[in-house]
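Asker: Sharing a structure below in structure tokens format, with a few things to ask.
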Amino acid sequence: MKNQENQYARSLIEASLDPLVTINIDGKIMDMNQATINITGLSREELTDSDFFDYFTEPQKAREVYQEVFANGSVADSPLTLRHNRGKLTDVLFNGSIYKDENQKVLGVVIVARDIAEQKWALDLKNANKELAFQNKEKEKRAAELVIANKELAFQNEEKEKRANELTIANKELVFQNQEKENRASELTIANKELVFQNKEKQNRADELLIANKELEFQTHEKRNRANELVIAGKELNFQNQEKEKRVVESKELEAYNYSLKLASQYSLSLIEASRDPLFTISLEGKITDTNQASVRVTDVSKEDLIGSDFINYFTEPELAKKGYEEVFAKGFVVDYPLVLIDGKLTSVLFNGSVYKDADGNVIGAVVVARDITEQKKAEKELIEAKALSENATGIAEEALIKAENATRVAVDSVKAKQQFLSNMSHEIRTPMNAIIGFTKVVLKTDLSAKQREYLQAIKISGDALIVLINDILDLAKVDSGKMTFEKVPFKLEVSLSAMIHLFDIKCQEKNILLIKEYDSNIPEVLLGDPVRLHQIILNLVSNAVKFTSEGKVVVSVKLVEENNDNVIIEFAVSDTGIGILDSKLSTIFENFQQASSGTSRLYGGTGLGLAIVKQLVEGQNGTIKVQSIFNVGSVFSFQLSFQKTNLDADLLVEIEEVTDEVQNINVLVVEDIALNQLLMRTLLDDFGFGCDIASNGQIAIDKMSKSHYDIILMDLQMPVMNGFEATKYIRNTLKSNIPIIALTADVTTADLSKCNAVGMNDYIAKPVNERLLYSKIVKILDKKNKETNEETVQRINQVRCTDLNYLMQRTKSNPALMSEMILLYLNQTPPLVSTMKQSYIDKDWSMLYATVHKLIPSFSIVGIHQDFEIIAKKVQEFANQQLDEVTVLKMVTQLETICLQACKELEEELITIKNSK
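This note's numbering puts the first residue of the sequence shown at 21, with every later residue one more than the last.
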């Protein structure tokens, strides 16, 4: 009977497709079914006595759920993720309840982990179609069903409590039975007559005791026989004592076995009730012999009525159900057998089952589980519908994409054609304009009559106006094509603003109007942004203000609007007392080719492109611009831009450099194919005092370089035989020459400028050539080259020797004793300071680093260490004061350590020299 119960329990465990695990109070796995082995990828031996929590992706969360079971007696639908030993993850719902011994002591937990991968897949599908009206209605229905499910859950909990009470009574009965069994076992201690037989049958006693109730009459008869045999007990007392000890051990084993049977019984009940799916045990005749609460809930029939009824009566197709359980008895098992359960709404289920046998291996029944797949079927239907909708949408989207790609291709081709046209036109117009404006400026420097100067001045003004128009059109083309780029470099805003306003001083004096600058002192000195584009914006606005103002003033104001740790927002405003703008024109003033009135262009000139470009430049930097104006009173143009704050130093842009000694006697090679431009460049360079040689193309320039020395090359880009790009590439890659090269380009679109940088040109200047800018660029590049050469020379000298004792000799008047004393002081003081400096950086002791470097600085000038290292030391102090741990700090500390230790070695040698000279 007990073996049959045990076999029944094991069948229940193995019949479940969900992982079933029993865990002791220490969290160790005691038993499990095949589903647990499959989902973890480990053997039964590996799983037994291992930590339950190790097989989840979140062990701590699994432990908390496990503790919740002990705290509440049970847990339901707690989400966790199981990990297969090969890495596969399975989402499950954790259900469990505790089980106890006859004294109500909690022994462990029974766990069922439901695989919810299909549910999650269905949920993802629902989310993907959540905008469909049908799904919204279904959600409302599910919410209502959830309310019903909660009520059913409460009912289930009540039923569980009833079952717990019934288990308590069953446990008490089991205790009584165990006591009776123990009484019978104690009576066996006086079995002396059949000792030989008992020794042979010891291995079978455990089985015989299981059927002790059936043999009770036989045992009573044997008691009488044993009472008669006690006469000879004295003689065999010693032997009996030994046998008693053996029987005590056997008795304990028997108790443990009975205890395990009792636990198996409790375990079986826990497994049945832990399952959320309907579970039945059926006889060979198809009668229900046992079931769980889930079956009661689904069929709405009490457990008492279900037990003994026909299994097939609860399905829409009884014959199909009968065929299913007959297949179980025929094959021993069945998997995913589809049926429809009668539960008020006809639930589709998958029927899974296996047989269970008695101790002799005879099939006595089957355990079957019916899994609800209604949601799965619904999800499959929705998936089919979604696929159909997706295919239709994909077809429409593909058609739209083809149309969009065609339109984009046409637009790109149009922009490319426009860019190419503008590039060609720029080159063609700028080339003759270079000669016209250049020679006009040259002639204006000569002695002229007043009439001649007036005529030439008119030519120059007209040429300048034409160049402004070309520049405006090119800037507008850059914006339209999305090729307008913005730099982020450090610059001093106040200095840049003053330089820009200064350009209009003479014009304002001529018109007798005031030009006023108002600058907010709270603005940081150095900002990170694009100073060139800012200049372009302000110059446009100030130029318009001055042009349209006949009397009164023009005010340029800059104020800080907002500031945080990283950025500032600054508002720029240009106001005037000029002609103003009509209200009807304010909405279109920033459009291309728009002016305040139809007569504006006739009276004041201009193309109406300036403000359109300004607006694009402001908005391209994520800024905003607005205008306020009253006709015949004046206008205010204001815009706001954001700039980054920085601690970097700003390089000041200086237009004109003075010719220093280092950049005198400059010899320039001009590579230009047009005769007029050759003559113009020779004239300008002669005026600068520079030597000049002419090459008509890149090939001739390379030949000349092999015969003569040049300091710098002015390279035209478009030439026959070998153009400027090819020539520069040859000079850099083949000749391996670093001679400075400035491009002379009539095409200032972004394409050629980026190509100039790519082949290795140092700078560029646009045609028509501005002589002041050309002069400045030549001097600046050559001056920088000379400084780099000088720095390399100084560096080589410093590598040879880092100390210079001239200052020390002056201070001590070359007294050997005083010099030796000073050198010894340095040698004694410096190494400990260097060690402290390095250690304080490692320890991030910023105050100590600051103080140590402070003590090192005075000694640099005494022993003649170069001033650059004093600057480095002060920078280290700045970083230490701000407590900034940057890579540059370590680099500077290492430099100071190296130079100080090198100085010590040199001074030790110097000290020996002084002593030897005494």
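Cβ atoms here follow ideal geometry from the backbone N, Cα and C, with glycine treated the same way.
#1: Anyone know if the C-beta pair for D736 and V691 falls short of 7 Å?
#2: Can you tell me whether DSSP reads K787 as helix, strand or coil?
#3: DSSP three-state label for R792, please.
#4: For the segment 565–578 and the segment 518–538, state whether three or more C-beta atom pairs, one from each stretch, are separated by less than 8 Å.
#5: Is S315 near P298, with beta carbons less than 7 Å apart?
#6: Look up V594 in the DSSP assignment and give the residues it is bridged to.
#7: Roughly how far, in whole angstroms, is the beta-carbon of V656 from the beta-carbon of S595, given that I think they are within contact range, below 8 Å?
#8: For the segment 508–526 and the segment 601–608, state whether three or more C-beta atom pairs, one from each stretch, are separated by less than 8 Å.
#9: Classify G625: buried if its beta carbon has 16 or more other beta carbons within 10 angstroms, exposed otherwise.
#10: Under a three-way DSSP split, which group does Q859 fall into?
#11: Is the segment 786–798 in contact with the segment 685–705, if contact means three or more CB pairs nearer than 8 Å?
#12: If I measure Cβ to Cβ from I131 and keep anything under 6 Å in the same chain, skipping five residues before and after, which residues do I get?
#13: Thinking C-beta only, is I362 closer than 7 Å to S329?
#14: Assuming contact is defined by CB atoms lying nearer than 7 Å, are P544 and K665 in contact in what I supplied?
#15: Tell me the rounded alpha-carbon separation between Y889 and S649.
#16: Thinking G600 and N652 are a contact (beta carbons under 8 Å), I'd like their distance in whole angstroms, please.
#17: Report back the beta-carbon spacing between I751 and I732 to the nearest angstrom; my notes put them in contact at under 8 Å.
#18: Is M520 near I557, with beta carbons less than 7 Å apart?
#19: What would DSSP say about R106, mapped onto helix, strand or coil?
#20: Determine the contact status of F506 and Q641, defining contact as a CB-CB distance below 7 Å.
#21: Taking the continuous beta strand (DSSP E) assigned at Q648, which residues delimit it?
#22: Which class does S368 belong to by DSSP, given the choice of helix, strand or coil?
#23: Using alpha carbons as the reference points, say which of L359, D707, V854 lies closest to T336.
#24: Y86 and Y376 - do their beta-carbons sit closer together than 7 Å?
#25: Assuming contact is defined by CB atoms lying nearer than 7 Å, are L102 and V112 in contact in what I supplied?
#26: Starting from the Cα of F371, find the closest Cα among E347, L734, K756 and give me that residue.
#27: Tell me which residue opens and which closes the beta strand (DSSP E) that G549 is part of.
#28: Only counting the same chain, and skipping five residues up and downstream in sequence, which positions put a Cβ closer than 8 Å to that of I901?
#29: Suppose contacts are defined by Cβ-Cβ distances below 7 Å. Is D55 in contact with D38 by that definition?
#30: Compute the Euclidean distance between the alpha carbons of L173 and Q197, then round it to the nearest angstrom.
#31: Report the start-end ranges of each beta strand (DSSP E) in the segment 686–744 that is 3 residues or longer and not cut off at the edges.
#32: Sorted by chain position, which residues of the same chain lie with C-beta nearer than 8 Å to G884's C-beta, five sequence neighbours on each side aside?
#33: Do I43 and G128 have their CB atoms nearer than 7 Å?
#34: So, with DSSP's three-state summary, where would you put I393?
#35: What do you reckon, are the CB atoms on L999 and P551 nearer than 7 Å?
#36: My output table needs one value for D671: the three-state DSSP class, helix, strand or coil.
Answerer: The structure says:
#1: Numbered from 1 along the sequence shown, position 716 holds the residue referred to as residue 736. Numbered from 1 along the sequence shown, position 671 holds the residue referred to as residue 691. Yes.
#2: Position 767 of the sequence shown, counting from 1, holds the residue named residue 787. It is coil, neither helix nor strand.
#3: Locating residue 792 in the sequence shown gives position 772, counting from the first residue. Per DSSP, reduced to three states, the secondary structure at R792 is helical.
#4: yes
#5: For the purposes of this step, residue 315 is taken as residue 295 along the sequence shown, with counting starting at 1. For the purposes of this step, residue 298 is taken as residue 278 along the sequence shown, with counting starting at 1. Yes.
#6: Taking the first residue of the sequence shown as 1, we reach residue 594 at position 574. V576, F657.
#7: As a first step, residue 656 is located in the sequence shown; it is residue number 636 there, counting from the start. As a first step, residue 595 is located in the sequence shown; it is residue number 575 there, counting from the start. Distance from V656 to S595 at the Cβ level is roughly 4 Å; contact confirmed, criterion being Cβ atoms closer than 8 Å.
#8: no
#9: If you number the sequence shown from 1, residue 625 lands on position 605. Because the pLDDT of G625 is 45, which lies under 50, any placement of that residue in the model is unreliable, and the number read from its coordinates should be weighed accordingly. It is exposed - the Cβ of G625 has fewer than 16 other Cβ atoms within 10 Å.
#10: For this step, residue 859 is matched to residue 839 along the sequence shown. The answer is helix: DSSP assigns Q859 an H, G or I state.
#11: yes
#12: For this step, residue 131 is matched to residue 111 along the sequence shown. Same-chain partners within the cutoff: V41, G116.
#13: Indexing the sequence shown from 1 puts residue 329 at position 309. Indexing the sequence shown from 1 puts residue 362 at position 342. No, the pair does not count as a contact, with Cβ atoms beyond the cut-off.
#14: As a position in the sequence shown, residue 544 is number 524, starting the count at 1. As a position in the sequence shown, residue 665 is number 645, starting the count at 1. Taking 7 Å as the Cβ cut-off, P544 and K665 qualify as a contacting pair.
#15: As a first step, residue 889 is located in the sequence shown; it is residue number 869 there, counting from the start. As a first step, residue 649 is located in the sequence shown; it is residue number 629 there, counting from the start. Sequence inspection shows Phe at residue 889; the Tyr mentioned does not correspond to that position. If I take the Cα positions, the gap works out to 57 Å.
#16: Counted from its first residue, the sequence shown places residue 600 at position 580. Counted from its first residue, the sequence shown places residue 652 at position 632. Going by Cβ atoms, the distance from G600 to N652 rounds to 5 Å, so yes, they are a contact pair.
#17: Walking along the sequence shown from the start, residue 751 turns up at place 731. Walking along the sequence shown from the start, residue 732 turns up at place 712. At roughly 12 Å, the Cβ-Cβ gap does not stay under 8 Å, so I751 and I732 are not in contact.
#18: Sequence index remark: in the sequence shown, residue 520 carries index 500 (1-based). Sequence index remark: in the sequence shown, residue 557 carries index 537 (1-based). Result no, Cβ atoms of M520 and I557 do not sit closer than 7 Å.
#19: Locating residue 106 in the sequence shown gives position 86, where the first residue counts as 1. Three-state DSSP puts R106 in coil, outside helix and strand.
#20: Counting from 1 along the sequence shown, the entry for residue 506 is found at position 486. Counting from 1 along the sequence shown, the entry for residue 641 is found at position 621. Taking 7 Å as the Cβ cut-off, F506 and Q641 qualify as a contacting pair.
#21: The count along the sequence shown starts at 1 and reaches residue 648 at position 628. That run of the beta strand (DSSP E) goes 644–650.
#22: Residue numbering aside, residue 368 sits at position 348 when the sequence shown is read from its first letter. DSSP places S368 in strand when its eight states are reduced to three.
#23: Against the sequence shown, residue 336 aligns to sequence position 316. Of L359, D707, V854, the residue nearest in Cα terms is L359.
#24: Within the sequence shown, numbered from 1, the residue matching residue 376 stands at position 356. Within the sequence shown, numbered from 1, the residue matching residue 86 stands at position 66. No, these two residues do not count as a Cβ contact at 7 Å.
#25: Taking the first residue of the sequence shown as 1, we reach residue 102 at position 82. Taking the first residue of the sequence shown as 1, we reach residue 112 at position 92. Yes. Within cutoff.
#26: Residue 371 sits at position 351 when you count from the first residue of the sequence shown. F371 has its Cα closest to that of E347, out of E347, L734, K756.
#27: Sequence index remark: in the sequence shown, residue 549 carries index 529 (1-based). In this chain, the beta strand (DSSP E) harbouring G549 covers 546–549.
#28: Residue mapping note: residue 901 aligns to position 881 of the sequence shown, counting from 1. Checking the sequence, you will find Asn at residue 901 rather than Ile. Same-chain partners within the cutoff: W866, Y870.
#29: Numbered from 1 along the sequence shown, position 35 holds the residue referred to as residue 55. Numbered from 1 along the sequence shown, position 18 holds the residue referred to as residue 38. The residue asked about is misnamed: residue 55 is Ala in this sequence, not Asp. Closer than 7 Å, so yes.
#30: On the sequence shown, residue 173 is found 153 positions in, with the first residue counted as 1. On the sequence shown, residue 197 is found 177 positions in, with the first residue counted as 1. L173 and Q197: Cα-Cα distance of roughly 35 Å.
#31: 687–691, 711–715, 732–736
#32: Start at 1 with the first residue of the sequence shown, and residue 884 comes out as number 864. Leaving aside the five residues that flank G884 on each side, the residues in its chain whose CB is nearer than 8 Å to its CB run, in chain order, T823, D824, L825, N826, Y827, L828.
#33: By one-based count along the sequence shown, residue 43 stands at place 23. By one-based count along the sequence shown, residue 128 stands at place 108. Taking 7 Å as the Cβ cut-off, I43 and G128 qualify as a contacting pair.
#34: As a working note, residue 393 is residue 373 in the sequence shown. Looking at I393 - three-state DSSP - the assignment turns out to be coil, as it is neither helix nor strand.
#35: Any property of residue 999 remains undetermined from this structure, which presents the chain solely from 21 to 938.
#36: Against the sequence shown, residue 671 aligns to sequence position 651. Only weak support is given to the placement of D671: the predicted model assigns it a pLDDT of 49, under 50, and the value that follows is read from those uncertain coordinates. Three-state DSSP puts D671 in coil, outside helix and strand.
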